[in-house]
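Novice: Structure incoming, see below.
Residue numbers (my numbering): 23 to 233.
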């Protein structure tokens, strides 16, 4: 296995898309099938839909339940991130969602930076503790603002925002089924390679303090 030979693991596939769109959902299914071939245990995405819209929420649940057979057939679990502006976006909607789907094949991708930015300004640590039984994958980054729009890459670097990351990391360590937490910083696509490597190095140095 070339991945293992290099000391790496496949934690999940990032499949962020709008699952309510038929064409994009078909592509998502192909990603799940690809995940089976490379041994990915999960695929992560937001729920899609709109926040605080009951019909949208019900449609999301319907679509995820329709995809459950694909998860079962491929062995790739669907990991839904509570995401700002989406149908599943905070602790309450995540709990409701998990009560309406198959917990064996659908779980939560926990990203405290989205919980931090909910209109309710939730406590990400309390949220994490509440959602612990359902968490199958997790992401970590920082953010300076509690506005819905995530800030620039520089303030996403762990330690350069306002989030209580040491406490969040401590809480993540208490999730028994969680083996890995993935650093996710967005907005660097056009950055020079050296700048990306600097961000990675700074992030690793900060996170290493709490491993």
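Note that beta-carbon positions come from the ideal geometry of N, C-alpha and C, so glycine has one too.
Which residues does DSSP list as the beta-bridge partners of residue 128?
Specialist: DSSP output for residue 128 lists 100 as bridge partner(s).
Novice: Distance, Cα to Cα, residue 163 vs residue 130?
Specialist: Computed Cα separation, rounded: 17 Å.
Novice: Within 10 Å of its beta-carbon, does residue 161 have 16 or more other beta-carbons around it, so buried, or fewer, so exposed?
Specialist: By the 10 Å Cβ count, residue 161 comes out buried.
Novice: Taking contact to mean 3 or more Cβ pairs, one atom from each stretch, closer than 8 Å, check whether the region 203 to 211 and the region 137 to 150 are in contact.
Specialist: Taking 8 Å as the limit for Cβ pairs, the verdict is that the region 137 to 150 does not touch the region 203 to 211.
Novice: Which stretch, first to last residue, makes up the beta strand (DSSP E) that contains residue 68?
Specialist: Residues 64 to 68.
Novice: Report the CB separation of residue 108 from residue 70 in whole angstroms; it is logged as a contact under 8 Å.
Specialist: So it is a contact: roughly 6 Å between Cβ atoms.
Novice: How would you label residue 105, buried or exposed, when you count the other beta carbons within 10 angstroms and need 16 or more for buried?
Specialist: Residue 105 should be labelled buried.
Novice: Across which residues does DSSP place residue 157 in a beta bridge pair?
Specialist: The partner list for residue 157 (beta bridge, DSSP) reads 130.
Novice: For the alpha helix (DSSP H) that contains residue 119, what are its first and last residues?
Specialist: 113 to 120 is the span of the alpha helix (DSSP H), which, as asked, contains residue 119.
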